[in-house]
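Peer 1: Read in order, the letters of the sequence shown are residues 34 to 379 in my numbering. Following this message is one structure expressed as structure tokens.
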Amino acid sequence: MVYFTLEPKRRRDDFYDMEDGLNDFVNSLGRFRFIIVEGLRRYGKTSLILTGLNVANVRYLFLDCRLLSSAKASFDNLLSMIEVEVSRNSWAKKLIKGMDYFEVGGVIRFKFRRPDVLLDIFENLGDTIVVFDEVQELRNLKFRFDGFLAYALDHFDVRIVVSGSEAGLLNKFLRIEDPEAPLYGRPYKLIELKPLTRDAAIDFLKKGFEQEGLDVGDELISEVVENFNGIIGWLTYFGYNYVRGLRSMNSIIDAAINMVLAEVEHFLETRGVGRGRYSEALKTISSMGRCSWSEVKRRLEAKLGRIPDTTLANILRSLMDYGLIVKVDGEYMITDPILRRAVIRI
Ligand SMILES: Nc1ncnc2c1ncn2[C@@H]1O[C@H](COP(=O)(O)OP(=O)(O)OP(=O)(O)O)[C@@H](O)[C@H]1O
Ligand SMILES: [Mg+2]
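In structure tokens form, the structure reads like this:
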């Protein structure tokens with residue numbers, strides 16, 4: 034049993050289960066052909082999926098769509114990713130053996146690089162679970178993923194699990210609530226991951242340190258939860274570093290902030306000339322704690338001059354879509370305490 038490792042968990046023993054989330058996922062695999070796992074960064078989506086699939090003992094292909102996040106990613110790259118994953122699993126290779134492909138160094142390669150090949154693959158896979166982790170990262174492909182998924186669910190036995198850390202994009206991208214969109218009206222199971230409660234976070238840390246044979250005392254544990262809240266990825270990150278000898282709270286927080294800074298920078302780079310407004314909006318919301326629409330507008334305009342309502346609406350919408358801010362009771366806020374601190378440094 035080890036909680037404090039940085040990779041996504043795969044084994045039930047290493048998986049801390051709050052409120053039976055694992056069983057819920059495993060049971061859903063038997064009852065739904067389409068499962069959506071939603072949660073902000075580091076809430077434990079990938080761990081839940083991988084551990085659940087192993088517990089359920091089913092055949093699955095796991096596609097990490099973050100590998101396709103670049104603006105230059107193409108349908109061809111998606112197909113290559115599937116080829117690699119099929120090649121790694123001898124059962125999958127057997128299932129597609131009637132298709133037109135050749136093999137180079139143990140990796141299969143389909144002769145034709147078109148969406149209909151993807152349909153053939155899915156048809157041949159039969160009752161296999163295909164996971165698209167961080168599915169919103171496929172948004173840059175010139176390929177109608179929602180239409181593809183709807184077709185596959187209608188015509189084949191395949192089961193689909195998608196995860197996303199950018200809640201808005203999940204809806205925007207899959208458009209499950211849009212009556213005009215292909216996936217509309219299909220039964221699906223939504224699993225929304227939440228941070229650990231304070232008690233669960235304390236319990237998780239205590240058990241994690243116990244596994245490592247370290248007696249750290251209640252004070253340190255409270256301090257960790259103060260700084261990292263119930264975000265399981267951060268609690269794990271702290272435990273991992275502490276166990277390996279990094280005993281200063283501030284250094285671990287600093288390292289965490291730097292990780293997040295790189296992620297925020299990446300987001301801002303994609304904003305082009307709008308960068309200044311986005312970073313100012315983030316800073317305003319971070320420094321205020323909670324902030325209403327008009328408050329953000331007032332403060333932003335005081336710094337940057339007039340901003341039309343539609344522009345501000347777009348900025349706030351994108352920040353929400355990317356999971357950087359959330360809206361609670363009509364107010365905007367940053368829930369991740371590390372992100373909140375990172376933003377001040379941009
Ligand atoms: N239930 C759990 N029990 C123990 N450790 C966990 C659990 N869930 C997540 N972790 C740990 O937290 C970290 C983040 O987990 P994971 O990668 O699964 O989250 P994620 O939501 O997929 O994150 P990301 O947004 O970065 O993809 C990892 O170090 C993982 O080992
Ligand atoms: Mg993940």
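Positions of the beta carbon are idealized from the N, C-alpha and C atoms, including for glycine. Small disclaimer: the values here were computed from a predicted structure and weren't measured.
Can you tell me where the alpha helix (DSSP H) holding G197 begins and where it ends?
Peer 2: Sequence index remark: in the sequence shown, residue 197 carries index 164 (1-based). Premise fails: G197 lies in the beta strand (DSSP E), R192 to G197, not in any alpha helix (DSSP H).
Peer 1: What are the start and end residues of the alpha helix (DSSP H) that includes Y134?
Peer 2: On the sequence shown, residue 134 is found 101 positions in, with the first residue counted as 1. Element bounds for Y134: not the alpha helix (DSSP H) but the beta strand (DSSP E), Y134 to V137.
Peer 1: Could you give the DSSP three-state label for K175: helix, strand or coil?
Peer 2: Taking the first residue of the sequence shown as position 1, residue 175 is located at position 142. Three-state DSSP puts K175 in coil, outside helix and strand.
Peer 1: If we ignore side chains and look at the alpha-carbon of each, how far apart do P215 and K222 end up?
Peer 2: Here residue 215 refers to the residue found at position 182 when the sequence shown is read from its first residue. Here residue 222 refers to the residue found at position 189 when the sequence shown is read from its first residue. C-alpha separation (whole angstroms): 17 Å.
Peer 1: Given this structure, state the Cα-to-Cα distance separating K330 from S312, to the nearest angstrom.
Peer 2: Within the sequence shown, residue 330 is the residue found at index 297, counting from 1. Within the sequence shown, residue 312 is the residue found at index 279, counting from 1. For K330 and S312, the distance between alpha carbons rounds to 14 Å.
Peer 1: Taking K360 as part of the beta strand (DSSP E), name the residues at either end of that continuous run.
Peer 2: Walking along the sequence shown from the start, residue 360 turns up at place 327. V359 to V361 is the span of the beta strand (DSSP E), which, as asked, contains K360.
Peer 1: So, do the region 114-121 and the region 180-187 have three or more beta carbon pairs nearer to each other than 8 Å?
Peer 2: Counting Cβ pairs under 8 Å, fewer than three are found: no touch.
Peer 1: Can you give the Cα-Cα distance for L207 and R280, rounded to whole angstroms?
Peer 2: Walking along the sequence shown from the start, residue 207 turns up at place 174. Walking along the sequence shown from the start, residue 280 turns up at place 247. Going by the C-alpha atoms only, they are around 44 Å apart.
Peer 1: Tell me the start and end of each unbroken beta strand (DSSP E) in the region 267-332 that is at least 3 residues and wholly inside, in chain order.
Peer 2: Counting only runs of 3 or more, we get 323-325.
Peer 1: Here's the rule I'm using: 16 or more other beta-carbon atoms within 10 Å means buried, otherwise exposed. How should M51 be labelled?
Peer 2: Here residue 51 corresponds to residue number 18 of the sequence shown, with the count starting at 1. Buried: at least 16 other Cβ atoms inside 10 Å.
Peer 1: Please indicate yes or no: does the CB of D166 lie closer than 7 Å to some heavy atom of ligand 4?
Peer 2: Looking for ligand 4 in the displayed structure turns up nothing; the ligands present are ligand 1 and ligand 2.
Peer 1: With the cut-off set at 8 Å, would you say G72 and E225 are in Cβ contact?
Peer 2: Taking the first residue of the sequence shown as 1, we reach residue 72 at position 39. Taking the first residue of the sequence shown as 1, we reach residue 225 at position 192. Yes, the pair counts as a contact, with Cβ atoms nearer than the cut-off.
Peer 1: Only counting the same chain, and skipping five residues up and downstream in sequence, which positions put a Cβ closer than 7 Å to that of L100?
Peer 2: Residue mapping note: residue 100 aligns to position 67 of the sequence shown, counting from 1. Result list for L100: M114, in chain order.
Peer 1: If you check the beta carbons only, do L238 and I254 fall under 8 Å apart?
Peer 2: As a position in the sequence shown, residue 238 is number 205, starting the count at 1. As a position in the sequence shown, residue 254 is number 221, starting the count at 1. Result yes, Cβ atoms of L238 and I254 sit closer than 8 Å.
Peer 1: Given the structure, does E370 come close to ligand 1, in the sense that its CB is under 7 Å from one of the ligand's heavy atoms?
Peer 2: For the purposes of this step, residue 370 is identified with residue 337 of the sequence shown, where counting begins at 1. Just to set this straight, residue 370 is Pro in the shown sequence, not Glu. Flag unset: Cβ of P370 not near ligand 1.
Peer 1: Using a threshold of 7 Å, is the CB atom of E170 nearer than that to any non-hydrogen atom of ligand 1?
Peer 2: One-based indexing of the sequence shown puts residue 170 at position 137. No, the beta carbon of E170 sits no closer than 7 Å to any heavy atom of ligand 1.
Peer 1: Leaving out five residues before and five after D97 in sequence, what residues of the same chain have Cβ atoms less than 6 Å from its Cβ?
Peer 2: Along the sequence shown, read from residue 1 onward, the residue named residue 97 stands at position 64. Excluding sequence neighbours, D97 sits near D166.
Peer 1: In the DSSP assignment, find the unbroken beta strand (DSSP E) run with E71 in it and report its ends.
Peer 2: Counted from its first residue, the sequence shown places residue 71 at position 38. Taken as a continuous stretch (DSSP letters only), the beta strand (DSSP E) holding E71 covers F67 to E71.
Peer 1: Okay, do the region 105-114 and the region 77-88 touch, 3+ Cβ pairs below 8 Å being the bar?
Peer 2: Too few Cβ pairs lie closer than 8 Å, so no.
Peer 1: What I want to know is whether the C-beta of F48 ends up closer than 7 Å to one or more non-hydrogen atoms of ligand 1.
Peer 2: Position 15 of the sequence shown, counted from the first residue, corresponds to residue 48. Checking the Cβ of F48 against ligand 1 gives yes.
Peer 1: In the DSSP assignment, what are the bridge partners of R142?
Peer 2: Position 109 of the sequence shown, counted from the start, is the residue given in the question as residue 142. According to DSSP, R142 bridges with F135.
Peer 1: By how many angstroms is the C-alpha of I68 removed from the C-alpha of V163?
Peer 2: Here residue 163 corresponds to residue number 130 of the sequence shown, with the count starting at 1. Here residue 68 corresponds to residue number 35 of the sequence shown, with the count starting at 1. The straight-line gap from Cα to Cα measures roughly 10 Å.
Peer 1: Enumerate in chain order the residues of its own chain whose CB-to-CB distance from I141 is below 8 Å, with the five nearest sequence positions on each side excluded.
Peer 2: For this step, residue 141 is matched to residue 108 along the sequence shown. If we look at I141 and ignore the five residues flanking it on each side, its Cβ neighbours are E116, V119, S120, K126, I129, Y134 and F135.
Peer 1: Is T79 near ligand 2, in the sense that its beta carbon is under 7 Å from a heavy atom of that ligand?
Peer 2: Taking the first residue of the sequence shown as position 1, residue 79 is located at position 46. Checking every heavy atom of ligand 2 against the Cβ of T79, one is found closer than 7 Å.
Peer 1: For F95, I'd like the list of residues in its chain whose CB is within less than 6 Å of its CB, leaving aside the five on either flank, ordered along the chain.
Peer 2: Here residue 95 refers to the residue found at position 62 when the sequence shown is read from its first residue. Excluding residues within five positions, the ones whose Cβ falls inside 6 Å are V164.
Peer 1: Under the criterion of a Cβ to heavy atom distance below 7 Å, does R43 qualify as lining ligand 1?
Peer 2: Taking the sequence shown and counting its residues from 1, one reaches residue 43 at position 10. Not under cutoff, so the answer is no.
Peer 1: So, do the region 265-284 and the region 339-347 have three or more beta carbon pairs nearer to each other than 8 Å?
Peer 2: Judged by Cβ distances under 8 Å, the region 265-284 makes no contact with the region 339-347, as fewer than three pairs qualify.
Peer 1: What does E225 pair with, by DSSP beta-bridge criteria?
Peer 2: Along the sequence shown, read from residue 1 onward, the residue named residue 225 stands at position 192. Paired residues: E71.
Peer 1: On the three-state DSSP scale, how would you describe Y365?
Peer 2: Here residue 365 refers to the residue found at position 332 when the sequence shown is read from its first residue. Residue state, collapsed to three classes: strand.
Peer 1: In this structure, does DSSP put I154 in helix, strand or coil?
Peer 2: Against the sequence shown, residue 154 aligns to sequence position 121. Looking at I154 - three-state DSSP - the assignment turns out to be helix.
Peer 1: Whose C-beta lies closer than 7 Å to the C-beta of A89 among residues of the same chain, with five residues either side of it excluded?
Peer 2: Sequence index remark: in the sequence shown, residue 89 carries index 56 (1-based). Excluding residues within five positions, the ones whose Cβ falls inside 7 Å are V59 and L62.
Peer 1: Under 8 Å by Cβ, that's how I've got D354 and G201 pegged, so tell me the actual separation to the nearest angstrom.
Peer 2: Here residue 354 is taken as the residue at index 321 of the sequence shown, counted from 1. Here residue 201 is taken as the residue at index 168 of the sequence shown, counted from 1. Between G201 and D354 the Cβ distance is about 3 Å, and since that is below 8 Å, they are a contact.
Peer 1: Confirm, please, whether the CB-CB distance from L357 to L372 is below 8 Å.
Peer 2: Residue numbering aside, residue 372 sits at position 339 when the sequence shown is read from its first letter. Residue numbering aside, residue 357 sits at position 324 when the sequence shown is read from its first letter. The answer is yes: Cβ separation under 8 Å.
Peer 1: Give me the Cα-Cα distance between E199 and N283, rounded to the nearest whole angstrom.
Peer 2: The count along the sequence shown starts at 1 and reaches residue 199 at position 166. The count along the sequence shown starts at 1 and reaches residue 283 at position 250. Going by the C-alpha atoms only, they are around 29 Å apart.
Peer 1: Can you find the residues in the same chain that come closer than 8 Å, C-beta to C-beta, to R146, ignoring five residues on each side of it along the sequence?
Peer 2: Along the sequence shown, read from residue 1 onward, the residue named residue 146 stands at position 113. Excluding positions up to five away in sequence, the list reads F108, D109 and L112.
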